[in-house]
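Following my numbering, the numbering of the sequence shown begins with 29 at its first residue and continues without gaps. Down below is the structure, laid out as structure tokens.
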Amino acid sequence: MKGKLAFLSILFLFPGFLLLAQEDPDLPVLVLPTIELEIEDLSVEHIEADLPDEAVLVPAEGEIFLPEDIDIEVPEPDLSPIVLDSALDLPEINGESAFGAEAVVGVGNVNALEGRLSFYKLGDTPRYRFDFEHNALDGFSFEEQGQGFSYREDVLSGEVKFQGEKMESEFSGSFSDLEQGLQAQGLYYSKINRFIQADLKITLMPFTSWLFYGQGVFNASSFSLTGGPLPDFTNLAYPVSELLFQPEIGAELLLDDWNLGLSLPYGFRFLPGSNGYDLHRFAPRFWVTYQSPGWVNLSASVGYFLNHRLDMLVPFEFSIGGSPVTDFSFRLWGGLENQPIDFNKLWKDESLSYAEIDLKDNKRWNGNLMAQFDFSRALRLAVTAGLAFNSSFYRLSEMQDSQTGLLNYQLFENTFDVKSDVALRMKLNDVVSVNLLTDLLFLFTEPLFVDANVSGEIIAADPKGFWSIESSLELSLNQFSIYNLPVWDLSASWRIADNVIITGSCEDILFPFLDVPRYSMEPFVAPGIRGVFSAQINF
Numbered sequence: 029m030k031g032k033l034a035f036l037s038i039l040f041l042f043p044g045f046l047l048l049a050q051e052d053p054d055l056p057v058l059v060l061p062t063i064e065l066e067i068e069d070l071s072v073e074h075i076e077a078d079l080p081d082e083a084v085l086v087p088a089e090g091e092i093f094l095p096e097d098i099d100i101e102v103p104e105p106d107l108s109p110i111v112l113d114s115a116l117d118l119p120e121i122n123g124e125s126a127f128g129a130e131a132v133v134g135v136g137n138v139n140a141l142e143g144r145l146s147f148y149k150l151g152d153t154p155r156y157r158f159d160f161e162h163n164a165l166d167g168f169s170f171e172e173q174g175q176g177f178s179y180r181e182d183v184l185s186g187e188v189k190f191q192g193e194k195m196e197s198e199f200s201g202s203f204s205d206l207e208q209g210l211q212a213q214g215l216y217y218s219k220i221n222r223f224i225q226a227d228l229k230i231t232l233m234p235f236t237s238w239l240f241y242g243q244g245v246f247n248a249s250s251f252s253l254t255g256g257p258l259p260d261f262t263n264l265a266y267p268v269s270e271l272l273f274q275p276e277i278g279a280e281l282l283l284d285d286w287n288l289g290l291s292l293p294y295g296f297r298f299l300p301g302s303n304g305y306d307l308h309r310f311a312p313r314f315w316v317t318y319q320s321p322g323w324v325n326l327s328a329s330v331g332y333f334l335n336h337r338l339d340m341l342v343p344f345e346f347s348i349g350g351s352p353v354t355d356f357s358f359r360l361w362g363g364l365e366n367q368p369i370d371f372n373k374l375w376k377d378e379s380l381s382y383a384e385i386d387l388k389d390n391k392r393w394n395g396n397l398m399a400q401f402d403f404s405r406a407l408r409l410a411v412t413a414g415l416a417f418n419s420s421f422y423r424l425s426e427m428q429d430s431q432t433g434l435l436n437y438q439l440f441e442n443t444f445d446v447k448s449d450v451a452l453r454m455k456l457n458d459v460v461s462v463n464l465l466t467d468l469l470f471l472f473t474e475p476l477f478v479d480a481n482v483s484g485e486i487i488a489a490d491p492k493g494f495w496s497i498e499s500s501l502e503l504s505l506n507q508f509s510i511y512n513l514p515v516w517d518l519s520a521s522w523r524i525a526d527n528v529i530i531t532g533s534c535e536d537i538l539f540p541f542l543d544v545p546r547y548s549m550e551p552f553v554a555p556g557i558r559g560v561f562s563a564q565i566n567f
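Dropping the structure here:
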């Protein structure tokens, strides 16, 4: 009660907001989805200083990249809202080196603590960037601290780039340690997910029209439980871990309007101490792209997939797109693809998931359409829609493991999904921008799976970069939020010096008015209302 009274006194400082009235209409006869756990973004909004791309050796590869699973990405328009400029937004430097560093620190209620350190070098080869980030919360939904209503994530990442006249190479790596409290749902205090990734790529162009490349990707994923006895996993060794090795070599012939390419990837999955999960994958592929002198762009690819379990497939992709008129562009693509399903992907998608399931790659037929309309320089509409047939579709089950409290994945075979996204971007004037987003998913399982989200944000920013204010509202239709108020977030930034920006934010402002808990993923509750004050310093 004291928390609510304190909140009400502070709320009068914010602009008036019209609450969405919610009634209890007759609910449709649908079973709504078990949504993914999505811990709210704890970090202060900042501008990344990614290493500027060097002068590339060749045009972009003619590879067709289709969205994974059912997540169809709507391309970001060029109507990005005005934001505070960062001192790290340095121009590309040729011939001389420039060093920079950035520090961010923030504190807030719910035992919130966040921090980030970055160091980078631009200019002469090698170019590099290294980052460390820490975010933590404890005491979700007014619960006491130390009771498992907590979140902590530490990430260490870096990349190094070398460039020569006919060769360039890039190495990147990351280490992520994510601990989430289990909120007394089992015998354990928390679950720790750990992810390690290393990626090396070398590109050679010994001749004018030929490009050769080789790359290797290594992923190590694991999870463990704290505060309880040794868990009993029937088929998997504990702590559960997975190793993925993915080397690839390829070549591409670059002509005036045509690009021809061949890639030879290989994949190996290994679970130390666990039998029956090792898997070899072979997937050679040939592709061709064509850019006409007019507006039509065409691309196609065909390959062959085989694993040592003798699962075979002939994947193919086809794409056509372009801009037939000035303010309209489109892309139509589709085909048959093999989507690898590994624990690395499942644990990243649902970090509080249980691992006891037989994994099958998804053979997926899909067709997609993207259309973009530019009504003016300040108004853009982007629409994406897709239909797919999945041989193996995984989503989180509602069944909890009695010992750990974790949720397992459920496999749906031979099912359709329909996904659509609509994004409307408006720049009202030099100060105010408005973004409206909707996405809808139908998964035709038994029973029907439905997920719908509507969100909007208003951003006001000083054209000279001294201040910015952002207000966002999100309403979701699923079994955890159907009786809840929308999620309302508010933040403001102010540049107090050339290299110092302070930010204050309040997230889930409407949480104290809820009659029932807000769930991240039932039965796990969401963090609730929280305020964070942070400072960003650029050196």
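Beta carbons: idealized from backbone N, C-alpha and C, even for Gly.
Helix, strand or coil for residue i, going by three-state DSSP, please let me know.
| i | result |
| --- | --- |
| Ser-302 | coil |
| Pro-540 | helix |
| Ser-200 | strand |
| Phe-168 | helix |
| Ala-554 | coil |
| Trp-323 | coil |
| Val-515 | strand |
| Glu-276 | strand |
| Ala-563 | strand |
| Lys-492 | coil |
| Gly-134 | strand |
| Tyr-266 | coil |
| Phe-261 | coil |
| Gly-395 | strand |
| Ser-509 | coil |
| Lys-149 | strand |
| Phe-177 | coil |
| Asn-163 | strand |
| Asn-287 | strand |
| Arg-309 | strand |
| Arg-546 | coil |
Residue i to residue j, Cα distance in whole Å?
| i | j | result |
| --- | --- | --- |
| Glu-142 | Glu-181 | 10 Å |
| Pro-259 | Tyr-266 | 8 Å |
| Ser-252 | Gly-289 | 42 Å |
| Phe-401 | His-336 | 46 Å |
| Ser-178 | Arg-144 | 20 Å |
| Leu-505 | Asn-527 | 42 Å |
| Gly-532 | Tyr-547 | 25 Å |
| Glu-187 | Val-135 | 29 Å |
| Gln-564 | Ser-496 | 14 Å |
| Ile-524 | Ser-200 | 34 Å |
| Leu-281 | Ser-329 | 15 Å |
| Ala-480 | Asp-445 | 13 Å |
| Arg-157 | Val-342 | 40 Å |
| Gly-174 | Ala-554 | 16 Å |
| Phe-371 | Ala-383 | 7 Å |
| Ser-146 | Ile-230 | 25 Å |
| Leu-464 | Gln-191 | 41 Å |
| Glu-485 | Val-515 | 12 Å |
| Lys-492 | Pro-154 | 34 Å |
| Ala-311 | Pro-551 | 41 Å |
| Glu-161 | Val-183 | 5 Å |
| Lys-455 | Tyr-332 | 47 Å |
How should residue i be labelled, buried or exposed, when 16 other C-beta atoms within 10 angstroms of its C-beta is the threshold for buried?
| i | result |
| --- | --- |
| Asn-221 | buried |
| Glu-172 | exposed |
| Val-132 | buried |
| Leu-165 | buried |
| Thr-262 | exposed |
| Asn-287 | buried |
| Pro-315 | Note on identity: in this sequence residue 315 is Trp, with Pro being the wrong assignment. Buried, because 16 or more other Cβ atoms sit within 10 Å of the Cβ of Trp-315. |
| Lys-149 | buried |
| Gly-322 | exposed |
| Ile-510 | exposed |
| Lys-194 | exposed |
| Pro-234 | exposed |
| Thr-236 | exposed |
With respect to 7 Å, is the separation between the Cβ of residue i and the closest non-hydrogen atom of the ligand HEM below this value?
| i | result |
| --- | --- |
| Ser-302 | Of the ligands one can find in the structure shown there are none, so the ligand HEM has no counterpart to examine. |
(request) Scan the segment 328 to 391 and note each continuous beta strand (DSSP E) run of 3 residues or more that stays entirely inside, going in chain order. (result) Counting only runs that start and end inside the segment 328 to 391, the beta strand (DSSP E) elements of at least 3 residues fall at 333 to 335, 344 to 353, 356 to 367.
(request) Output the residue ranges of the beta strand (DSSP E) runs that lie fully inside the segment 400 to 483 and measure 3 residues or longer, sorted by chain position. (result) Counting whole runs of 3 or more residues, the segment 400 to 483 contains the beta strand (DSSP E) stretches 407 to 428, 435 to 455, 460 to 471.
(message) Measuring CB atoms only, is the segment 432 to 441 touching the segment 390 to 398, in the sense that at least three cross pairs come out at less than 8 Å?
(response) Using a Cβ-Cβ distance cut-off of 8 Å, the segment 432 to 441 and the segment 390 to 398 are not in contact, since fewer than three pairs of beta carbons, one from each stretch, lie closer than that value.
(request) Only counting runs of 3 or more residues, tell me where the beta strand (DSSP E) segments fall wholly within the segment 211 to 258, in order along the chain. (result) 218 to 235, 238 to 254, all fully within the segment 211 to 258.
(message) Counting beta carbon pairs with one atom in the segment 447 to 465 and one in the segment 417 to 426, are three or more of them shorter than 8 Å?
(response) no
(message) Check whether the segment 406 to 424 and the segment 385 to 394 touch, using three or more Cβ-Cβ pairs below 8 Å as the test.
(response) yes
(message) Taking 8 Å as the cut-off, does the segment 208 to 226 touch the segment 243 to 252 (at least 3 CB pairs, one atom from each stretch)?
(response) yes
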